[in-house]
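Undergrad: Numbering (the working numbering), first residue to last: 1 to 498.
Glycine is no exception: its CB is placed at the ideal position from the N, C-alpha and C atoms.
My questions all concern the structure below.
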């Protein structure tokens, strides 16, 4: 294994290999950092270009775009409170409050460091444990997936803040909007009111852009006349040596990092969930297990560590079922699947014997790509903080234009643009009513997974619900769901009595 890995690394150190890594990571960071763009769009854009490339270099370019795209989302999430990608939603919760306190450099340093470590963590898991983890994942059927989805939805209570009911309303609305469009089981259009444009439902990107970007733009537009720009904030930023945080703070996050990276890797392995849910779930788990949960959301590094370690760990996790089983873990790995098959490489068990060199080139690209990503973002920290010096009205206008372009580019139609504005207004309404938006996203992403597997399970069991409780793995997740809900209710009762 070691020799094959070294051969894979050596194959990257050619002119073409270096250009693919450097160019891929750099472009990926740009796509990840601009709200409205994404890692998925970066890979989709460059996939046709790889057709003319050698297979190994083609997959290296796609892997580099993937790594840069996921990590790049932290930049605008921390500096503007607007997530560049779905994978950086939870990074906003503590990253932006740190920026407002003049700690943008520190927040970026923490984000960059633990993005890198999360990627390395999941790559090690990918290299050494992929055969075993694939065996576990392949055992998951409809009962197990429903139990996992239900457990994921139980995390809504942890994202609800001081009012569980508002969080539940937000999550329920997310689930409801997810039902619009084509029924995954019967292929019948639902709740489209006779409109062909709504027949395929709402894409997750317009929902994300609307709730977290357009909403922020509307909210911040109110202050443009009274604030000159963000220059007042940037003057308070402390530019220090290194990454902005101490060795003590770094090692103080060991437990948080291991827990979040493990969760991110595990979620990445399960097809259909992805880093968008991983970062929110890891943030919630980190908050619920912390000694000071009340500080989350006020600007502490713990929240950034949980979000960035988990979303980058989901990269390696998502590659496990892709390489071992030929099953893409998320939309990005679905494009990677297309890139491999484009060159005659069929992912699955036979790939480890018929295309073993390509497998280890992928492993090597993950390691080298993570290092390049870290160095690019580390040396760019001082440049990134200059974004805050841009007059706010120019910055908001630029972000708004990118959001609209990104929304249109999803399916090349104006329906997604109007959907983005609709969800922006919904997000602003949430903001005014103090309803958290994160549960909506979790419900929107996980809701369909729960619905489809509930219906499939009932089809298999011929309507017998007890079959769900005869699957051992499913029972474990049902118990965990009950524990999460009980602890949340207990916490709320304590607050009321106190």
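Under the assumption that residue 377 contacts residue 29 (Cβ atoms under 8 Å), give the Cβ distance between them as a whole number of angstroms.
TA: Here the question's residue 377 lines up with position 377 in the chain shown. Here the question's residue 29 lines up with position 29 in the chain shown. The beta-carbon separation of residue 377 and residue 29, rounded to 7 Å, stays under the 8 Å limit for a contact.
Undergrad: Return the residue from the list 82, 362, 101 that minimises the CA-CA distance to residue 10.
TA: In the chain shown, counting from the first residue as 1, residue 10 sits at position 10. Scanning 82, 362, 101 for the CA closest to the CA of residue 10 turns up 362.
Undergrad: Considering Cα atoms alone, identify which of 54, 447, 167, 183 is closest to residue 20.
TA: Reading the chain shown from its first residue, position 20 is the one you call residue 20. Of the listed residues, the one whose Cα sits closest to residue 20 is 54.
Undergrad: What are the residues that DSSP puts in a beta bridge with residue 181?
TA: On the chain shown, position 181 is the one that residue 181 refers to. Partner(s): 190.
Undergrad: Using only CA atoms, which one of 57, 8, 4, 22 lies nearest to residue 339?
TA: By one-based count along the chain shown, residue 339 stands at place 339. The candidate whose alpha carbon is nearest that of residue 339 is 57.
Undergrad: Are there three or more Cβ pairs, one per stretch, closer than 8 Å when the stretch 40-54 is compared with the stretch 93-109?
TA: For the pair of segments examined, the stretch 40-54 was found not to touch the stretch 93-109: the number of CB pairs separated by less than 8 Å stays below three.
Undergrad: Please name the residue in 172, 173, 191, 175 whose C-alpha comes closest to that of residue 181.
TA: As a working note, residue 181 is residue 181 in the chain shown. When each option's Cα is compared against that of residue 181, the closest is 191.
Undergrad: Could you give the uninterrupted runs of the alpha helix (DSSP H) lying entirely in the stretch 383-459, keeping only those of 4 residues or more?
TA: Whole alpha helix (DSSP H) segments, 4+ residues: 392-411, 414-432.
Undergrad: Within a Cβ cutoff of 8 Å, which residues of the same chain sit near residue 44, ignoring the five residues on either side of it in sequence?
TA: By one-based count along the chain shown, residue 44 stands at place 44. Excluding positions up to five away in sequence, the list reads 335.
Undergrad: Secondary structure at residue 55, three-state DSSP: helix, strand or coil?
TA: Indexing the chain shown from 1 puts residue 55 at position 55. The answer is helix: DSSP assigns residue 55 an H, G or I state.
Undergrad: Suppose the cutoff is 6 Å on Cβ atoms and the five residues either side in sequence are ignored; what does the same chain contact list for residue 313 look like?
TA: By one-based count along the chain shown, residue 313 stands at place 313. Excluding positions up to five away in sequence, the list reads 118, 121, 122, 261, 264, 265.
Undergrad: Could you tell me the alpha carbon to alpha carbon distance between residue 296 and residue 204, rounded to whole angstroms?
TA: Stepping through the chain shown from its first residue, residue 296 is reached at position 296. Stepping through the chain shown from its first residue, residue 204 is reached at position 204. Rounded to whole angstroms, residue 296 to residue 204 spans 26 Å at the Cα level.
Undergrad: Tell me, to the nearest whole angstrom, how far the beta carbon of residue 474 is from that of residue 144; I am working on the premise that it is less than 8 Å.
TA: Sequence index remark: in the chain shown, residue 474 carries index 474 (1-based). Sequence index remark: in the chain shown, residue 144 carries index 144 (1-based). 5 Å between Cβ atoms; contact.
Undergrad: Helix, strand or coil: how does DSSP classify residue 48 here?
TA: For this step, residue 48 is matched to residue 48 along the chain shown. Helix, per DSSP.
Undergrad: Going by DSSP, what residue range makes up the alpha helix (DSSP H) through residue 256?
TA: Here residue 256 refers to the residue found at position 256 when the chain shown is read from its first residue. Start and end: 254-269.
Undergrad: What did DSSP end up calling residue 347 once you bin it into helix, strand or coil?
TA: Taking the first residue of the chain shown as position 1, residue 347 is located at position 347. Coil at residue 347, not helix or strand.
Undergrad: Can you name, in chain order, every residue of its own chain whose Cβ lies under 7 Å from the Cβ of residue 47, other than the five neighbours on each side?
TA: Walking along the chain shown from the start, residue 47 turns up at place 47. Closer than 7 Å at the Cβ level, and outside the excluded window around residue 47, lie 335, 338, 339.
Undergrad: Rank 463, 300, 64, 83 by C-alpha distance to the C-alpha of residue 34 and give the top, closest one.
TA: Stepping through the chain shown from its first residue, residue 34 is reached at position 34. Per the Cα distances, 83.
Undergrad: If residue 128 sits next to residue 257, beta carbons under 8 Å apart, how far is it from one beta carbon to the other, in whole angstroms?
TA: For the purposes of this step, residue 128 is identified with residue 128 of the chain shown, where counting begins at 1. For the purposes of this step, residue 257 is identified with residue 257 of the chain shown, where counting begins at 1. Not quite, the Cβ-Cβ distance comes to about 19 Å (not below 8 Å), so this is no contact.
Undergrad: Counting pairs of beta carbons, one from the stretch 301-309 and one from the stretch 344-359, are three or more of them closer than 8 Å?
TA: no
Undergrad: What do you reckon, are the CB atoms on residue 153 and residue 450 nearer than 9 Å?
TA: Translated into positions along the chain shown, residue 153 becomes position 153. Translated into positions along the chain shown, residue 450 becomes position 450. Yes, these two residues count as a Cβ contact at 9 Å.
Undergrad: Ignore the nearest five residues each way along the sequence and tell me which others in residue 244's own chain have a CB closer than 6 Å to its CB.
TA: One-based indexing of the chain shown puts residue 244 at position 244. Excluding positions up to five away in sequence, the list reads 105, 106, 109.
Undergrad: To the nearest angstrom, how far is the alpha carbon of residue 142 from that of residue 484?
TA: Here the question's residue 142 lines up with position 142 in the chain shown. Here the question's residue 484 lines up with position 484 in the chain shown. Residue 142 and residue 484: Cα-Cα distance of roughly 22 Å.
Undergrad: Go ahead and pull the three-state DSSP assignment for residue 35.
TA: Start at 1 with the first residue of the chain shown, and residue 35 comes out as number 35. Three-state DSSP puts residue 35 in a strand.
Undergrad: From residue 437 to residue 347, what distance separates their C-alpha atoms?
TA: As a first step, residue 437 must be located in the chain shown, where it is residue number 437. As a first step, residue 347 must be located in the chain shown, where it is residue number 347. Near 37 Å, if we compare the C-alpha coordinates of residue 347 and residue 437.
Undergrad: Alpha carbons only, please: which of 16, 442, 40 is nearest the one belonging to residue 411?
TA: For the purposes of this step, residue 411 is identified with residue 411 of the chain shown, where counting begins at 1. Taking only the C-alpha atoms, the option nearest residue 411 is 40.
Undergrad: Let me know if residue 398 comes out buried or exposed under the rule of 16 or more other beta-carbons within 10 Å of its beta-carbon.
TA: If you number the chain shown from 1, residue 398 lands on position 398. Flag for residue 398 reads exposed.
Undergrad: Hey, would you say residue 169 sits closer than 9 Å to residue 424, going by beta carbons?
TA: The residue you call residue 169 lines up with position 169 of the chain shown. The residue you call residue 424 lines up with position 424 of the chain shown. It is not a contact, given that the beta carbons lie outside the stated cut-off.
Undergrad: Give me the residue from 147, 467, 81, 189 with the minimum Cα distance to residue 219.
TA: Locating residue 219 in the chain shown gives position 219, counting from the first residue. The option with the nearest alpha carbon to residue 219 is 81.
Undergrad: So, with DSSP's three-state summary, where would you put residue 3?
TA: As a working note, residue 3 is residue 3 in the chain shown. If DSSP states are grouped into helix, strand and coil, residue 3 belongs with the helices.
Undergrad: From residue 246 to residue 167, what does the alpha carbon distance come to, in whole angstroms?
TA: Position 246 of the chain shown holds residue 246. Position 167 of the chain shown holds residue 167. Straight-line Cα distance between these residues: approximately 35 Å.
Undergrad: Let me know if residue 251 comes out buried or exposed under the rule of 16 or more other beta-carbons within 10 Å of its beta-carbon.
TA: Translated into the one-based positions of the chain shown, residue 251 becomes position 251. Taking all protein chains shown into account, residue 251 has fewer than 16 neighbouring C-beta atoms within 10 Å of its C-beta and is therefore exposed.
Undergrad: On the criterion of 16 or more Cβ atoms from any shown chain inside 10 Å, does residue 472 qualify as buried, or is it exposed?
TA: In the chain shown, counting from the first residue as 1, residue 472 sits at position 472. Answer is exposed; the Cβ neighbour count stays below 16.
Undergrad: Within a Cβ cutoff of 6 Å, which residues of the same chain sit near residue 407, ignoring the five residues on either side of it in sequence?
TA: Looking up residue 407 in the chain shown gives position 407. Counting only Cβ-Cβ distances below 6 Å, and skipping sequence neighbours, we find 206, 209, 416, 417, 420.
Undergrad: Once DSSP output is grouped into helix, strand and coil, what is the label at residue 96?
TA: To locate residue 96, count along the chain shown from 1; it is residue 96. Of the three classes helix, strand and coil, the one that applies to residue 96 here is helix, per DSSP.
Undergrad: Within the same chain, show all residues whose beta-carbon is closer than 7 Å to that of residue 448, passing over the 5 residues directly before and after it, in chain order.
TA: Your numbering for residue 448 matches position 448 in the chain shown. In the same chain as residue 448, and ignoring 5 residues on each side of it, the C-beta atoms closer than 7 Å to its own belong to 178, 184, in chain order.
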